[in-house]
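J.: If you count the first sequence from 1, position 326 lands on 325 in numbering that gives the first Met the number 0, and the numbers rise without skipping. Each residue gets a CB set at the ideal place from its N, CA and C atoms; glycine is no exception.
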Amino acid sequence: MFDAEQKAIEAKVKEFCQQHDIQLAGLKWQPIPFNGEWGISTSFFQTAADEARAGKGTGKPVPQRAQEIAEQVKAQIGSVKDISRVEALRGYLNLYFSTEEYASRVVNTILEQGADFGRGAKKSERVMVEYAQPNTHHSFHIGHARTTLLGESLARIMEFSGFETIRASYPGDIGLGVITVVWAYNKFYKGQEPRDVHERGQWLAKIYTEATSLLEAKENETPEEKAQREAYETERREMYRKWDAGDPAVRALWLETREWSMEELRDILDMLDVGIDVWFYESDVDEPSKDIVDELLERGIAEDERPQGGPVIVKIDEKLGLEKEKYRTAVILRSDGTSLYLTKDLALAKVKFEQHHVDRSIYVVDFRQSLHFQQAFKILELWGFPQAAKCYHLSYGYITLPEGAMSARRGRVVLFKDVADEAERRALAAMTERTPDMSVEKRRTIARQIGLGALAYSILSVDNNKDIVFDVNDALSFDGRTAPYIQNAHVRANSILRKAGGAPDAAPFAHELASHEVQLIDLISRFPATVEQAAQEYRPLIVATYAYDLANTFHSFYHSVPVIQAESAEVQASRLRLVAAARQVLANALRLLVIQAPDVM
RNA sequence: GCCCUCGUAGCUCAGUGGAUUAGAGCGCUUGCUUGCGGAGCAAUAGGUCGCGUGUUCGAGUCGCGCCGAGGGCGCCA
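1. Could you spell out the range, first to last residue, of the beta strand (DSSP E) harbouring tyrosine 362?
2. For the putative contact between leucine 148 and isoleucine 458, defined by C-beta atoms under 8 Å, what is the C-beta separation to the nearest angstrom?
3. Here's the rule: buried if 16 or more other CB atoms are within 10 angstroms of the residue's CB, otherwise exposed. What is tryptophan 242?
4. Could you tell me which whole alpha helix (DSSP H) segments of length 4 or greater appear in the stretch 192-226?
5. Does lysine 351 pass the burial test, meaning 16 or more other C-beta atoms within 10 Å, or should it be called exposed?
6. Do you know offhand how far proline 193's Cα is from asparagine 472's?
7. Can the beta-carbon of isoleucine 82 be found less than 8 Å from the beta-carbon of leucine 94?
8. Does the beta-carbon of serine 559 have 16 or more other beta-carbons within 10 angstroms, so that it is buried, or is it exposed?
9. Identify the continuous beta strand (DSSP E) that holds threonine 328 and give its terminal residues.
10. Assuming glutamine 66 and alanine 87 form a contact by the criterion Cβ under 8 Å, report the distance between their Cβ atoms to the nearest whole angstrom.
11. With a threshold of 7 Å on Cβ separation, who are the neighbours of aspartate 548 within its own chain once the five nearest residues in sequence on each side are excluded?
12. Could you say which of Gln63, Arg64, Val12, Met157 lies nearest to threonine 612 if we only look at CA atoms?
13. Can you tell me whether lysine 465 is buried or exposed, with buried defined as 16 or more other CB within 10 angstroms of its CB?
14. Report all residues from its chain with a CB closer than 8 Å to the CB of leucine 379; omit the five preceding and five following residues, and keep chain order.
15. Can you tell which of Ala506, Ile173, Leu264, Asn219 has its C-alpha closest to the C-alpha of arginine 250?
16. Please report the Cβ distance between isoleucine 361 and aspartate 276, rounded to the nearest whole angstrom; I am assuming they are in contact, meaning their Cβ atoms lie under 8 Å.
17. Measure the C-alpha to C-alpha separation of leucine 252 and lysine 416 and round it to an integer number of angstroms.
18. Would you check if there are 3 or more beta carbon pairs closer than 8 Å linking the stretch 394-406 to the stretch 304-311?
19. If the criterion is Cβ atoms closer than 8 Å, does the pair glutamate 151 and valine 126 meet it?
20. Using the C-alpha atoms, what's the distance from isoleucine 267 back to alanine 488?
21. Beta carbon of valine 292, beta carbon of threonine 342: below 8 Å?
22. Beta-carbon within less than 7 Å of isoleucine 8's beta-carbon, same chain only, minus the 5 sequence neighbours each way: which residues are those?
23. Under the rule that 16 or more other beta-carbon atoms within 10 Å means buried, what is methionine 600, buried or exposed?
24. Verify whether the separation of the beta carbon atoms of phenylalanine 44 and glycine 119 is less than 8 Å.
25. Would you say phenylalanine 526 and phenylalanine 139 are within 8 Å of each other, going by their C-beta atoms?
26. Nearest to methionine 516 by alpha carbon, out of Asn493, Ala482, Thr552, Tyr545?
27. How many Å lie between lysine 186 and methionine 261 at the Cα?
28. Would proline 623 and asparagine 134 qualify as a contact pair, given that the criterion is a beta-carbon distance under 8 Å?
29. According to the neighbour-count rule (16 or more other Cβ atoms, all chains shown, within 10 Å of its Cβ), is tryptophan 278 buried or exposed?
30. Please name the residue, chosen from Ile178, Ala580, Gly410, Phe469, that lies closest to serine 524 on a Cα-to-Cα basis.
31. Rounded to the nearest angstrom, what separates isoleucine 206 and tryptophan 259 at their Cα positions?
32. If I follow the unbroken beta strand (DSSP E) through valine 284, where does it start and stop?
33. So, is alanine 407 buried or exposed, given that buried needs 16 or more other C-beta atoms within 10 angstroms?
34. Buried or exposed: where does leucine 321 fall if 16 or more other Cβ atoms within 10 Å of its Cβ makes it buried?
35. Could you say which of Val364, Ala24, Arg240 lies nearest to glutamate 50 if we only look at CA atoms?
36. Would you call isoleucine 21 buried or exposed, if buried means 16 or more other Cβ atoms sit within 10 Å of its Cβ?
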């Protein structure tokens, strides 16, 4: 916002240091902590410490010497247009902005740029974010919501910060678990499927739980039961063999049931406003992955133990020349010649790099797979892909239940759809009292925005590496540090603007600003830097924290600073523009968090 | 045994090596509405930042060691 002034002053500081033979340690600018007015600051501690270390210092303690430099620099700078004053304090050089100038620049910029305020300059790299990778033939549970929301939010943040971004999903559509469902459906339930998309998806999950139970050895089972179970097991294995051999009947059954899962998934993604660009099915990379094994063998990266009855392996630590075991040895092909999860991920990475020309590849997958990804990335590096250095596993903690981990096998899951429905019910109940005149349909739409928003925020406001113990009352709380709190700030801002008939096209900030106004202006001006930080660190949490802080500041402003009833028409005009700017930034921040910003609620 | 992540208020969590006094929410206590929407605001209480040690002018933040929790470790995904 004050880049030109900042650069001019930076040049003066450098010039001064050169003239006085001071080795400047580099200038890092940061906002001055708030105390009524605002500006930016930089410190000279590092410079003073460097001097002392080099022995050419004056023998003074570092903080004292830093202060001395700050004072001298201050004298050199003199007065600068639109900088109200320069201050040397405790080793810091503080530049205070002219209040009027800063306030108008911030507000004008936001209102000019609108939904694009905070967007970063176009970056040259193409990023792919892979997330929302549920297994098919199982229902979408609350744990899947975490990868989906985290991935979508990250994709929006990367895109907004200037990267060309591709959203990818990688459903696990094959494996013994999937075949178990197909087998049980075919044997016991064929043709009995419900018609509703969600009922049918959940019904498949129930079949999986039942089938698992049928195939599990039980205590004190009779010989008859044991024989029955073993017969089932043989059938299941046989079906998997047929699938592998491309048996048309089995394949058709598999595709039909898979599509039911995909229909449910697409409906949920649609509900969450998630648009996947590229779908990679696990079954699609199964065959290509076997060719990769041959290539790795030819290049001498992999070793074939099949002649001794073993698998194909990559001794990663040995290839990297590591003494301690860190990446260990990875198996990339079973002794029977079938591929593994790792094999498929290598094949998929190759497709991402060569067919989608991805420079940076982010995998939003839970933390238990961190060794897997470290191995995959190291093998890609050994293989010679330069993009391997920019592969990143965004690992996140599990969502668990108070009684322990969720388990599709045991049927112990909290379904996403159930939570979403409950969220809507609760929001609807809260809204009925507040907005008695709203049409039923509109209220329903907004209730969903509020309910899903609350759920999304409860997930995104926890840092990636933390586990979340799911409690429906916590997740769907509407009070305190929640999405509805932020949405309500947006609604209040909108309400003021609606009553005032909108904000004027221009207004000065010539009045003496109340401290709540100053704080609000300061915070909205930091939104672009916040987006950039979140993108660099791959952390939606940064935006989530920011959005709450902004809402909090707005609510305080709202209570203590009159807008429509301001003391003069000029003050009212300025404040209306500030409210419009705050509303815009709240909406922009919420969008990055996959949360809607309703106008009324 | 080796590797990864983590340990901050009663609970759930933020916290870029730097600005008297480490911040939120929930919960506890108390005030605020003939006012732009009370899903709110304001105030009060609550801390040996797991322990030790080192680096540094300066450590909740970086290194090492220990204690504790969770996860992972050649043919599951």
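T.: Put simply:
1. Taking the first sequence and counting its residues from 1, the one referred to as residue 362 is at position 363. Where tyrosine 362 is concerned, the enclosing beta strand (DSSP E) stretches over 359-365.
2. Sequence index remark: in the first sequence, residue 148 carries index 149 (1-based). Sequence index remark: in the first sequence, residue 458 carries index 459 (1-based). With a Cβ gap of about 5 Å, leucine 148 and isoleucine 458 count as contacting.
3. Counted from its first residue, the first sequence places residue 242 at position 243. Flag for tryptophan 242 reads buried.
4. Those alpha helix (DSSP H) runs which fall completely within the stretch 192-226 and span 4+ residues are 196-214.
5. For this step, residue 351 is matched to residue 352 along the first sequence. The residue is buried, with at least 16 neighbouring Cβ atoms inside 10 Å.
6. Reading the first sequence from its first residue, position 194 is the one you call residue 193. Reading the first sequence from its first residue, position 473 is the one you call residue 472. Going from the Cα of proline 193 to the Cα of asparagine 472 covers about 31 Å.
7. Residue mapping note: residue 82 aligns to position 83 of the first sequence, counting from 1. Residue mapping note: residue 94 aligns to position 95 of the first sequence, counting from 1. Cβ distance < 8 Å, so isoleucine 82 and leucine 94 count as in contact.
8. Locating residue 559 in the first sequence gives position 560, counting from the first residue. The residue in question, serine 559, is exposed, as its Cβ has fewer than 16 Cβ neighbours within 10 Å.
9. Against the first sequence, residue 328 aligns to sequence position 329. It spans 328-332 - the beta strand (DSSP E) in which threonine 328 sits, taken as one unbroken run.
10. Residue 66 sits at position 67 when you count from the first residue of the first sequence. Residue 87 sits at position 88 when you count from the first residue of the first sequence. With a Cβ gap of about 7 Å, glutamine 66 and alanine 87 count as contacting.
11. Working through the first sequence from its first residue, we reach residue 548 at position 549. Contacts found: Leu522.
12. Limits of the chain in this structure are 0 at one end and 600 at the other, which puts residue 612 out of reach.
13. What you label residue 465 is simply residue 466 of the first sequence in a count that begins at 1. With fewer than 16 other Cβ atoms within 10 Å, it is exposed.
14. Taking the first residue of the first sequence as 1, we reach residue 379 at position 380. Leu345, Ala348, Gln386, Ala387, Cys390, listed in sequence order.
15. Residue 250 sits at position 251 when you count from the first residue of the first sequence. Selected option, being the one with the closest Cα: Ile173.
16. The residue labelled residue 361 in the question sits at position 362 within the first sequence. The residue labelled residue 276 in the question sits at position 277 within the first sequence. 14 Å between Cβ atoms; not a contact.
17. By one-based count along the first sequence, residue 252 stands at place 253. By one-based count along the first sequence, residue 416 stands at place 417. One C-alpha to the other measures close to 26 Å.
18. no
19. Locating residue 151 in the first sequence gives position 152, counting from the first residue. Locating residue 126 in the first sequence gives position 127, counting from the first residue. For glutamate 151 and valine 126, no; Cβs fall outside 8 Å.
20. In the first sequence, the residue the question calls residue 488 occupies position 489. In the first sequence, the residue the question calls residue 267 occupies position 268. Whole-angstrom Cα-Cα distance: 27 Å.
21. Here residue 292 refers to the residue found at position 293 when the first sequence is read from its first residue. Here residue 342 refers to the residue found at position 343 when the first sequence is read from its first residue. Yes.
22. Taking the first residue of the first sequence as 1, we reach residue 8 at position 9. Around isoleucine 8: Ile76, Val79, Leu94.
23. Here residue 600 corresponds to residue number 601 of the first sequence, with the count starting at 1. Burial call: buried.
24. Counting from one through the first sequence, the residue named residue 44 turns up at place 45. Counting from one through the first sequence, the residue named residue 119 turns up at place 120. Phenylalanine 44 places its beta carbon 8 Å or farther from that of glycine 119.
25. Working through the first sequence from its first residue, we reach residue 526 at position 527. Working through the first sequence from its first residue, we reach residue 139 at position 140. No; because the gap between Cβ atoms is not below 8 Å, this pair is not in contact.
26. The residue labelled residue 516 in the question sits at position 517 within the first sequence. Correcting the residue type first, residue 516 is glutamate in the shown sequence and not methionine. Closest option to glutamate 516, Cα to Cα, is Thr552.
27. Within the first sequence, the letter at position 187 stands for residue 186. Within the first sequence, the letter at position 262 stands for residue 261. Their backbone Cα atoms lie some 22 Å apart in a straight line.
28. Nothing can be reported for residue 623, as the shown portion of the chain is limited to 0 through 600.
29. Walking along the first sequence from the start, residue 278 turns up at place 279. Exposed: under 16 other Cβ atoms inside 10 Å.
30. Against the first sequence, residue 524 aligns to sequence position 525. When only C-alpha atoms are compared, the closest one is Ala580.
31. Here residue 206 refers to the residue found at position 207 of the first sequence. Here residue 259 refers to the residue found at position 260 of the first sequence. Distance between the alpha carbons of isoleucine 206 and tryptophan 259: 14 Å.
32. Locating residue 284 in the first sequence gives position 285, where the first residue counts as 1. First-last for valine 284: undefined, no H or E at that position.
33. The residue given as residue 407 occupies position 408 in the first sequence. Alanine 407 comes out buried.
34. Indexing the first sequence from 1 puts residue 321 at position 322. Its Cβ having fewer than 16 others within 10 Å, leucine 321 is exposed.
35. The residue you call residue 50 lines up with position 51 of the first sequence. Ranking Val364, Ala24, Arg240 by Cα distance to glutamate 50 puts Ala24 first.
36. The residue you call residue 21 lines up with position 22 of the first sequence. By the neighbour-count rule (16 or more Cβ atoms within 10 Å), isoleucine 21 is buried.
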